[in-house]
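Everything on this sheet refers to the single structure shown next.
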Amino acid sequence: MKLEISDIDAQNTRLSVQGRLDTPGVDVIETRFVASATTAAKNILVDLSAVPILTSMGIRMLISTARAIHNKKHRMIIFGAQGIVMETLDHVSLNDVIPVVATEAQALALLA
Amino acid sequence: MSALSLQFWNDLSVLDQNRQALRAYLESERVDPHAIQRVELAFDELVTNIVRHGYADDAAHRIRVEIGITSNHVAMIFDDDGRAFDPSQAQPPPRPQSIEQAQPGGLGLMLLRKMSSEIRYERLGMRNRTYIRIGIRAADR
């Protein structure tokens with residue numbers, strides 16, 4: 006389970022998750038993920054392209070983090086989800102509350 | 143029907159090793175990779191729900207899961223001695239209109255229902271038995 010944090014520009018930070026966002030995976034990554042996202046004082050782009058499975062524990066982490074970022078007047082956008090991860094996001098209608106797009110370019114366009 | 147039997151305590155630290163055993167079994171039976179993901183997701187959701195919400199004490203409780211494969215489905219039977227709970231009757235959380243309204247809880251059982259072609263439940267004495275079937279082929283999902 007890995008989390009890579011990189012600044013895209015002055016306004017946007019990318020969090021790239023690599024590994025399973027299931028109960029054990031969230032247990033490993035959650036503290037650093039939430040801290041990185043909420044202390045950045047930037048918009049957060051979450052890259053899920055290297056996540057093979059996403060369970061409700063991962064969704065809970067995404068929603069809680071997005072709410073904290075929203076309270077700081079920034080936005081969180083998810084991109085790169087594929088296969089069963091995209092299916093899971095669709096099942097819980099996450100796109101209703103957190104934008105979900107295919108690529109980083111589309112995420113940046115939403116923030117422009 | 144060959145089968146896998148898993149037994150473990152109500153401790154989420156053992157979830158991943160049991161999930162890996164489940165995956166190895168399904169791969170050895172040549173189950174479709176997409177179906178394996180759905181089975182893993184359902185397994186994670188139900189075991190997590192049992193461990194996090196099933197017990198009113200801090201004692202060790204044994205959870206058993208039997209897994210088998212038919213021509214069309216992966217079938218799982220979860221057996222636990224937690225408080226009575228029928229996951230097939232759980233109501234999904236309301237659909238939120240904004241991030242402020244979004245409720246992080248209740249999504250696991252919603253996903254369990256979405257991933258499963260059948261969920262049945264019975265209370266036997268002091269134990270819950272939950273039967274899950276997940277389609278192997280697209281037509282059976």
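If you're matching them up, the sequences are chains G and B in order. Take 6 as the starting number for the first sequence in the numbering used here and just add one per residue. Take 143 as the starting number for the second sequence in the numbering used here and just add one per residue. Every residue, glycine too, gets a C-beta built ideally from N, C-alpha and C.
8 Å is my cut-off, CB to CB: does residue i come that close to chain G?
i	result
B:A232	no
B:T272	no
B:M252	yes
B:D153	no
B:Q162	no
B:R237	yes
B:R165	no
B:L266	no
B:E169	no
Where do the N-terminal and C-terminal ends of the beta strand (DSSP E) with residue i fall, by residue?
i	result
B:R265	E260 to L266
B:L146	A145 to W151
B:T212	Segment: none, B:T212 is in no beta strand (DSSP E) and carries neither H nor E.
G:L99	Here G:L99 belongs to no beta strand (DSSP E), and DSSP marks it neither H nor E.
G:V51	N48 to A55
B:F227	B:F227 -> no beta strand (DSSP E), and no H or E assigned at all.
G:G85	G:G85 -> no beta strand (DSSP E), and no H or E assigned at all.
G:R19	N17 to Q23
What are the boundary residues of the alpha helix (DSSP H) that includes residue i?
i	result
G:M66	S61 to N76
G:G1	Nothing about residue 1 of chain G can be reported from this structure: the residues present for chain G run from 6 to 117 only.
B:E321	An answer regarding residue 321 of chain B cannot be provided, because it is not within the stretch 143 to 283 covered by chain B.
B:L249	L249 to M257
G:S41	T28 to T44
G:L116	E109 to L116
DSSP on residue i, reduced to helix/strand/coil?
i	result
B:R161	helix
B:S240	coil
B:Q245	coil
B:E171	coil
B:Q92	Within the shown structure, residues of chain B are numbered from 143 to 283, placing residue 92 of chain B beyond reach of any answer.
Given that residue i touches chain B, what residues does it touch there, using C-beta distances under 7 Å?
i	result
G:E71	Looking at the sequence shown, residue 71 of chain G is not Glu but Ala. The contacting residues are I241.
G:H75	I241
With 8 Å as the threshold, decide whether the Cβ of residue i is near any Cβ in chain B.
i	result
G:M6	no
G:H96	yes
G:M62	yes
G:T93	yes
G:I68	yes
G:I89	yes
Listing by chain order, which chain B residues have their CB less than 9 Å from the CB of residue i?
i	result
G:D52	Going along chain B, no residue has its Cβ under 9 Å from G:D52, so there is no contact; the nearest lies around 20 Å.
G:I103	I241 and A244
Run down chain G in chain order and give the residues with a C-beta less than 7 Å from the C-beta of residue i.
i	result
B:T190	T28 and M62
B:L157	T28 and P29
Chain G partners of residue i, CB-CB under 8 Å?
i	result
B:E260	Per Cβ cutoff of 8 Å: no residues; B:E260 is ~17 Å from chain G at best.
B:E182	D27 and I58
Give me the chain B residues within the contact set of residue i, using Cβ-Cβ distance strictly less than 8 Å, ordered along the chain.
i	result
G:I82	In chain order: nothing, as chain B lies at least about 12 Å away.
G:R65	P246, G247 and L249
Would you say residue i touches the ligand FMN, meaning its beta carbon is less than 7 Å from a heavy atom?
i	result
B:R165	For the ligand FMN, the structure offers nothing, since it holds no ligand at all.
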